[in-house]
Structures are given as C-alpha cells and as structure tokens.
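Peer 1: Can you read through this structure? Questions will come right after.
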Amino acid sequence: MARDSWAYREVAVHSVPDPRTGRLRIAPMPGQAFAPTTRVQCASSLRDPAQYPAGTVFLLNAKLTDRLGGEPFLYAWHGDPVQVLSAAQARKFLAAFRRGRI
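Whatever position you read off the sequence shown (first residue = 1), add 44 for the working numbering.
As structure tokens, this is what we get:
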C-alpha cells in the first residue's frame, strides 16, 4: 500500500536530552503548529549521539497521527532520507512557516 503523501508535511525537529533518561529524543522545534512536547516517532539513527550530537536539527516529512485513539504524535517514515539543517537554514524555515500562517 502506498503512503498518502498529502497527509505528510515538513516539520523541523531537533534532538534534545530527555530529562528522565538522559538519552536523546526528537522533538518539534518551537514556532510551528506542533507543541515542542509532542512525541516524534522516526528513525532511531536520528537519536544516535555518535552520528548526530544533541541539538542537531532535522527536516522531516511527518504526519500527525494516533494509535487507536491514544495521544497524538508525529510519525516520520524511517526510510525517508535524512536532511540535516544548519542553524541558518532552520531559522529560514521557521521564518517562512511563520509568514505563511494566517
């Protein structure tokens, strides 16, 4: 079955240390349609500190979903290519997102 590409949108996320476990987790960057506390399910390689240190910013194609009526979370397919954003690219993406809002 093919993925519904219309359901996915670009979301800037970054890796942050989880205060409970100390391991990295992926969270949406502030200033978008999703709260920074929203869970993100994506490729586990994005949480590998050997590959990507804490604070690395990624651009994911993700969709908001829930599992059988549970808490909503962002889902990004693990097979999509990884796009790392520089600080300037992240600022530009977030600024374009803010300008596009109504």
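All residues carry an ideal CB built from backbone N, CA and C; glycine is no exception.
1. Consult DSSP for Gln95 and reduce its assignment to one of helix, strand or coil.
2. Among Lys136, Leu104, Asp110 and Ala134, which residue has its Cα nearest to the Cα of His122?
3. Going by CA-CA distance only, name the one from Phe141, Val126 and Lys136 that's closest to Ser89.
4. Enumerate in chain order the residues of its own chain whose CB-to-CB distance from Ala51 is below 7 Å, with the five nearest sequence positions on each side excluded.
5. Output the distance between the C-alpha atoms of Thr65 and Ser59, rounded to the nearest integer angstrom.
6. For Ala71, count neighbouring Cβ atoms within 10 angstroms of its own Cβ and tell me buried if that reaches 16, exposed if not.
7. When you compare each of Ala56, Lys136 and Asp110 to Ala77 by their alpha carbons, which one comes out closest?
8. Only counting the same chain, and skipping five residues up and downstream in sequence, which positions put a Cβ closer than 8 Å to that of Arg53?
9. Met73 and Ala120 look like a contact to me (Cβ under 8 Å); what is the Cβ gap, rounded to whole Å?
10. Per DSSP, what kind of secondary structure is Phe78 in: helix, strand or coil?
Peer 2: Concretely, from the data shown:
1. Three-state DSSP puts Gln95 in coil, outside helix and strand.
2. Leu104
3. Val126
4. Lys107
5. 14 Å
6. The residue in question, Ala71, is buried, as its Cβ has 16 or more Cβ neighbours within 10 Å.
7. Ala56
8. Asn105, Ala106 and Lys107.
9. Not a contact, Cβ separation roughly 14 Å.
10. Phe78 falls in the coil class under three-state DSSP.
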